[in-house]
Every structure is written in C-alpha cells, then in structure tokens.
Amino acid sequence: MSIDIAHIQLRRMSMRLKHPFATSFGTIQDKDFFIIEAIDSAGRTGYGESVAFSSPWYTEETVETNLHMMQDFLIPLLKTNTLEHPDDISRLFAPIRRNNMAKAALEGAVWDLYAKQKGISLAAALGGTRSHVAVGVSIGIQPSTNALLAKIDQYVQAGYKRIKLKIKPGQDIEILTTVRNAFPNIMLMADANSAYTLEDTHHLQQLDELDLLMIEQPLAHDDIIDHATLQTAITTPICLDESIQSLTDVEKAHQLGSCRIINVKSGRVGGLSESKRIHDYCQKHHIPVWCGGMLESGIGRAHNIALASLPQFTLPGDISGSARYWEKDIINPEIVVQDGYVTVPDGPGIGVSIDETALNTYTTEIKSFSMDHKA
Ligand code: OSB
Ligand code: MG
1442 MSIDIAHIQL RRMSMRLKHP FATSFGTIQD KDFFIIEAID SAGRTGYGES VAFSSPWYTE
1502 ETVETNLHMM QDFLIPLLKT NTLEHPDDIS RLFAPIRRNN MAKAALEGAV WDLYAKQKGI
1562 SLAAALGGTR SHVAVGVSIG IQPSTNALLA KIDQYVQAGY KRIKLKIKPG QDIEILTTVR
1622 NAFPNIMLMA DANSAYTLED THHLQQLDEL DLLMIEQPLA HDDIIDHATL QTAITTPICL
1682 DESIQSLTDV EKAHQLGSCR IINVKSGRVG GLSESKRIHD YCQKHHIPVW CGGMLESGIG
1742 RAHNIALASL PQFTLPGDIS GSARYWEKDI INPEIVVQDG YVTVPDGPGI GVSIDETALN
1802 TYTTEIKSFS MDHKA
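For the sequence shown, the numbering used here assigns the number 1442 to the initial residue and increments by one for each residue that follows.
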C-alpha cells in the first residue's frame, strides 16, 4: 500500500539561539529554516526540518536554495509519484543533483508520517536498538579561555559525556592544552570546520599530545585526498563531516584512509535512508559513527535521536538538550539530558508532540501544496 500524503506545508521559521554560536567561519544566532509538514488524508502530520543556514558557509545550500529546490523540483516529484516506502524517496530525488538538505527535509517529514501511519516509532522504523543515546556538546569559539573553561565545567556538571570545541588557526593548540590540563579525564575533541591545509601538518601534529577522541574536518570541505595524507602524519583519529555527502563518499574515504570516524548528519547526506545505508556500511567495516547536529529545533533533534539509536552510533552525538539552544522549543516534552543520556521516544513517529503555540509564534510564512493528483 502506498504512503498517503494529501498535503505538504512549508513553514518558514525564525528562532533565536539563546547564545551566539561561533565557528571558524563566523557566528550564528538567528536561525531561519523550514519545518515541513506532510499531512495525510486522516489528518496525521509528519514533521521534517531543513538544516541549511542563511549563508552557504557550511555547504553550498542556504535557506533560499532549500525553498527553491523543494517548491520547484522536489515537491512536484512527490506529487507525481507514489511511494511504497520512505526509502523510495532518495531514488525519486536522485535525478536532482545534490541539494541534500532540501531533499532530507522533505524525506524526514515523510519518514515521520510513515512511522505514524504504521503506529511505530521513527527509531524502530529505522532499525534503532537503543532506548537511550549518549550525548556530547559542541561549544562554539568563546571570547576568552576563562569563559570557555567555565562553559566546559557547566556542561561536565550537567553530565555531557563528550566535549567538542570549535577551533581555528590562532585559537587551537594553546587553548586545547589549557582545557586538557584543567580537565584531564574528559572525552575531548575539536572541530575545525575546514580551517586548515596540509601546510599546517606540523602544527596539527601537536594535537597528538592532547589525547583527543578525534579531530573533525581539519581540511577542505570537499577534500578526501589531503585528509588521507594528514591521517598518516597524525595519530589523532580524523573524523569527516563536510566532506561526506553520500555513502559513495564514505566508501572512498574509507578506501583511501582519509578518516577513522564518520559524523552522520541526515541533512548533509540527503536524508535518513542514506544515513541508514552509511550506518550499515560502517557497521560492516567497524567504523565508529556518531550523529552530528545543525543547531536544530526540537523537531530536527528528535529525528537525530531516532537515528542515533541505531547500533553503530557508538560515540556520543551532538545532541544537546533543548534548553541549551532555545528559551522555548517547539516540542513537548522538550529534550532533556540526564546523566549524559537522552531517552529515545517510543511513541509513534518522532514521538514528541508539537507545541502548536510555540510553532505558530515562530512561523513567519506558510506555503501549502496539495498532493492530490493520483486519483
Ligand atoms: O560542524 O558540526 C558542525 C553547528 C552548525 C554547523 C556545523 C556544525 C555545528 C556544530 C553544533 O558543531 C552541533 C549542534 O549542537 O547542533
Ligand atoms: Mg563539524
């Protein structure tokens, strides 16, 4: 039986992070994104979230390119085809090159709707096996080392199992050394968001003294060749984020030795189905994976929690509690971290209810698309 989708709504959202988030590329505080609603003829709603930012600093996609792709190419494809399973969507969307975040936003809404129609949790629909997922926190570049140490202390007290620090040239080894000395036993890692080149190899070798869990995406956003060279020169495991946009990228990075760990973000790889395929490959080849984050609202975060419940997600994800990002999240109950774990919801679909008041408060525009063609 095909999946019943009667309507799709794109809600343009505007939410402000409690604290600005600084990376090697710049600072984010205002989040402009889409919540996608896939509504069936019985009125059930599946929710998805677009994760592109307002400017293309992370990958080439933006909020505006997501809108263009969804309304002019992807929604028309959904409208003129029937789906037996959410896995069909990645094949349906394959003729549209890349634009993975736009694809993943729609696919995520259909996955949630599909799980709700089946009466099972999204985690179960994906093959998840964990009831709780271990979480870490990603801390943006701070104005001072003292401010950073205070933040780390606060998150360690709150139970986070792994601390990730954003670094860039000039704000790296010295800061990490201070942090390591102050917190000798924490699981610590760094994320460079592509701020270095192979010229920095000698400099990056200093990381090896700091007992880091990994260094995330040190080199170019689209590189897997130089990362392989760097991995032979440092003992710290390299994790790829930006460079991985598909299962094929994972296979090639693995064959080349470009990394030892993979960060999976469904938006970056085009959806949950591709994430699952990457998971299965990594499980077969004993490559640890973990779930990255894109400063999502509770809806995107609930998808991430479901994904992180799959067995090969053996390292803590960037899945912080709602209160870390938002004064008021758009889901009930909000996501809470307890002793370093988040509970995987077991209700239908993403398993959280939507706070309609909050959702409407942050909605700036709604675009509606009727899917009703197939009769
Ligand atoms: O590189 O993992 C990243 C946030 C925005 C864009 C890219 C990244 C990040 C994070 C934060 O590190 C993850 C989160 O807490 O959602
Ligand atoms: Mg990253």
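We put the CB at the ideal spot given by N, CA and C, even for glycine.
Here the structure is a predicted model, which is why all the values come from computation and not from measurement.
- Annotation for Leu1688: Val1710, Glu1715, Arg1718, Ile1719, Tyr1722 place their beta carbon closer than 8 angstroms to its own, counting only its chain and skipping 5 residues before and after.
- The closest CA to that of His1643, considering only Val1620, Leu1629, Thr1619, Ile1614, is found on Ile1614.
- In this structure, Ile1772 sits near Gly1739, with a CB-CB distance shorter than 8 angstroms.
- Look at Gly1577 here: in three-state DSSP terms it is coil, with no helix or strand label.
- For Ala1546, the enclosing alpha helix (DSSP H) begins and ends at 1541-1559.
- Closer than 7 angstroms to some heavy atom of ligand 1: that describes the Cβ of Leu1736.
- The beta carbon of Ala1447 sits closer than 7 angstroms to those of Ile1480, Asp1481, Ser1482, Met1812, Asp1813, all from its chain and outside the five residues before and after it, given in chain order.
- Three or more beta-carbon pairs drawn from the region 1566-1573 and the region 1737-1754 are found closer than 8 angstroms, and the two stretches are therefore classed as touching.
- The three-state secondary structure of Lys1520, taken from DSSP, is helix.
- Where Ala1674 is concerned, the enclosing alpha helix (DSSP H) starts and stops at 1666-1674.
- Straight through space, the alpha carbons of Glu1525 and Asp1473 are spaced by roughly 32 angstroms.
- Straight through space, the alpha carbons of Glu1797 and Leu1533 are spaced by roughly 31 angstroms.
- Inside the region 1673-1705, DSSP marks whole beta strand (DSSP E) runs of 3 or more residues at positions 1679-1681, 1702-1705, from first to last along the chain.
- If you check the CB distance, Ile1791 and Ala1743 come in under 8 angstroms.
- Annotation for Val1783: the continuous beta strand (DSSP E) segment containing it runs 1782-1784.
- When the Cα atoms are used, Lys1520 and Val1551 turn out to be separated by approximately 13 angstroms.
- In this structure, Ser1761 has its CB closer than 7 angstroms to one or more heavy atoms of ligand 1.
- In this structure Ile1616 is buried. Its beta-carbon is surrounded by 16 or more other beta-carbon atoms within 10 angstroms.
- The Cβ atoms of Ile1477 and Leu1451 sit closer than 8 angstroms to each other.
- Beta bridge pairing from DSSP links Ser1811 with His1448.
- Relative to ligand 1, the nearest heavy atom lies less than 7 angstroms away from the CB of Ser1579.
- Bounds of any beta strand (DSSP E) do not take in Asp1613, whose DSSP letter is neither H nor E.
- Using a Cβ-Cβ distance cut-off of 8 angstroms, the region 1529-1543 and the region 1755-1769 are not in contact, since fewer than three pairs of beta carbons, one from each stretch, lie closer than that value.
- Under the DSSP assignment, Leu1606 falls in the beta strand (DSSP E) whose first and last residues are 1604-1607.
- Thr1503 is a Cβ neighbour of Ser1495, given a cutoff of 8 angstroms.
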